[in-house]
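Following: one structure in structure tokens, then a few remarks.
Residue numbers (my numbering), protein chains in the order written: chain A, 163 to 465; chain B, 285 to 628.
So, in structure tokens, the structure goes:
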């Protein structure tokens, strides 16, 4: 309990904010995994593209800038599906994953060339920066973006839950996620379901791009790369086979990282990754099918 | 994991088996011979390609034969590189560059070959210790757990200055990996991988890749077989790390981390995940393409002068890698071992 004593309300607020953003990314990754059985390593580069769009449209009205960000990210997400995911549908998971590495590097190196046209590395996305100001809540400074992040995550997840449970396309998506071949035999149209998942995952990436640029307006080709890696780890730790366990896993790893960082003595924070990844290994050994995956579903050989 | 790399059920002449070794080995020898004739500025490309062969073959021994994805094998390359590097820096220079290191490490140095053996031993021991718990996992859980090992290894190597240079560059390592050492090193890795995969243990593991349930039912202890492959792979990876540090002469922890992990895994998959021949071809093909593209950035003569715009090397490299994977998902070799064109 001594660990908890060093955690104050401010840290808790940050932890919720980080967890909320990672949960959104986890949904985006989990949805595509559900229908395609594909771990999309290039998901972070969708966010990066959104962040660059925000940076290059900084002069525009905020709303127009955000709309442009959503349009670019969704278009890129659809293009990725059409050009890369579709030809790979029958490939082994390892091939799919390694191809998304290549796509990730491709998008990063394209971004580097575009970025360096003005001679300096990095662009600043300033239009949404005011959200980063702090406001006082009960004597604690909490950044506005923390509330926005938590609110966006809750609204987005609630909306998605409604779509998945109350609409035909949602039903089809869930059916495809649990057994793609049987769902197709029963008349679910594969391309439609996949397009739906890809568009929603793109919308979520765009929302994350806005939230992350508020926190860190300095956009580089490696923007969101580290976050994506952490979320991918969180998604598998939570249980990638189901959307809600994947989402919880994403939230948990964001939440826990902030707490561990606050709990470590100042001179030991450089070892934060070791502590977090040691926890990851322990959880995976104890619950290989996922921390939140209760029930009899065993881990299957996927990759 | 998809394509077959196994031999057929029928009897095969030892000659047929030897061809599987001689194909990759001859290719490496040819690259080694070309290296000795290359101009000094081009030499580094060939040496890099040969060391890549050693690293990718090390990864193949575990990932290719067991069918379990690992993002952690570069941890063992990193440990090998820093062990060999730190121990090979001459004692007289150590006090200046490695200020806060343990006195035991500071006051001793070893020769080139000893440092390579040390790297292999440490890589193997580290892989064995890590593998005992982790080899129970399979699928994505194994991928992520081994990735966690990479993260922890990188974090510790980068921050713990008592065992190495920390976040600064480890310099003054003797540059002993020339054409001879790189070629012999790659050949050693290939020979060990070949002997292991032809051995009874290697075949048992391969059987467990093709069908875990059947393998288990005939008494294969999958955990044990995977642990053995992981250890052999770790030792080879440590050895390759030693070759690498002796090639570069100076190294940082970032050079044996994420980018190398993704690049070497891509080499293996592009060559063909399930065969030794695929590992060698993939490493050489991707290294060759990379070298060609960096030459082309500064202009290259192919009958006409080809000049790529600055900074486009990585764009072309990653686009071509993605294209190869989309068009040939089973890799350039189809995941098959080398065979003579006229044998069936």
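Here a beta-carbon is modelled for each residue, glycine too, at the ideal position from N, C-alpha and C. Predicted model only: the values in this text are computed from it and were never measured.
Comparing C-alpha distances from residue 349(B) to each of 421(B), 322(B), 512(B), 609(B) shows the shortest one belongs to 512(B). Neighbourhood of residue 605(B) in chain A, by CB distance below 7 angstroms: 264, in chain order. Apart from the 5 residues on each side of it in sequence, residue 550(B) sits with its Cβ closer than 6 angstroms to the Cβ of 605 in its chain, given in chain order. Rounded to whole angstroms, residue 583(B) and residue 593(B) show a C-alpha spacing of 9 angstroms. Under the three-state reduction of DSSP, residue 341(A) is assigned to coil, being neither helix nor strand. Taking every protein chain shown into account, the CB of residue 254(A) has 16 or more other CB atoms within 10 angstroms, so this residue is buried. Inter-residue distance for residue 626(B) and residue 300(B) is about 12 angstroms (C-alpha atoms, whole angstroms).
Residues of chain A whose Cβ lies closer than 7 angstroms to the Cβ of residue 443(B) are, in chain order, 432, 433. Runs of the beta strand (DSSP E) lying entirely within the segment 270 to 311 of chain A, each at least 3 residues long, are 296 to 299, 302 to 305 in chain order. When only Cα atoms are considered, residue 176(A) and residue 308(A) end up about 7 angstroms apart. DSSP places residue 579(B) in the uninterrupted alpha helix (DSSP H) bounded by 560 to 581. With a 10 Å radius around the Cβ and a threshold of 16 neighbouring Cβ atoms, residue 388(A) comes out exposed. Rounded to whole angstroms, the gap between the alpha carbons of residue 528(B) and residue 252(A) is 37 angstroms. Scanning chain A for C-beta atoms nearer than 9 angstroms to the C-beta of residue 332(B) yields nothing, as the closest lies near 18 angstroms away. Under the three-state reduction of DSSP output, residue 456(B) falls in the coil class, being neither helix nor strand. In this chain, the alpha helix (DSSP H) harbouring residue 480(B) covers 463 to 482.
Taking a cut-off of 8 angstroms on C-beta distances, the segment 258 to 278 of chain A touches the segment 203 to 218 of chain A, as three or more cross pairs fall below it. In the three-state reduction of the DSSP assignment, residue 584(B) falls in the strand class, which pools E and B.
Judged by beta-carbon spacing, residue 427(A) lies beyond the 8 angstroms limit of residue 425(B), meaning their Cβ atoms are not closer than that value. Cβ neighbours of residue 416(B) within its own chain (closer than 8 angstroms, five residues either side excluded): 511.
Secondary structure at residue 589(B): strand, using DSSP grouped into helix, strand and coil. Listed in chain order, the non-local C-beta contacts of residue 245(A) below 6 angstroms within the same chain number zero, local neighbours out to five positions each way being set aside. Exclusion of the five residues before and after residue 296(A) leaves 303, 304, 305, 306 as the residues of its chain whose Cβ lies within less than 8 angstroms of its Cβ. Neighbours of residue 599(B) in chain A, taken as residues at a C-beta separation under 8 angstroms, are given in chain order as 268, 271, 272, 275.
For residue 298(B), the enclosing alpha helix (DSSP H) covers residues 298 to 321. Taking the CA atoms as reference points, residue 609(B) sits about 24 angstroms from residue 540(B). The three-state reading of DSSP puts residue 373(B) in coil, since its state is none of H, G, I, E or B.
At least one C-beta of chain B is nearer than 8 angstroms to the C-beta of residue 443(A). Annotated as proximal: residue 567(B) and residue 555(B), with beta-carbon spacing under 8 angstroms. The C-beta of residue 243(A) has 16 or more other C-beta atoms within 10 Å across all chains shown, which makes the residue buried.
Judged by DSSP secondary structure, residue 384(B) falls outside any alpha helix (DSSP H); it is assigned neither H nor E. Per DSSP, the unbroken alpha helix (DSSP H) holding residue 210(A) starts and ends at 205 to 218.
Taking all protein chains in view, the Cβ of residue 535(B) is crowded by 16 or more other Cβ atoms within 10 Å, so the residue is classified as buried. For a cut-off of 8 angstroms, the C-beta gap from residue 290(A) to residue 216(A) is around 7 angstroms, short enough to register as a contact. Residue 226(A) is classed as exposed because its beta carbon has fewer than 16 other beta carbons within 10 Å across all chains shown. Of all residues in the segment 397 to 431 of chain A, only 398, 399, 402 place a beta-carbon less than 8 angstroms from a beta-carbon of chain B.
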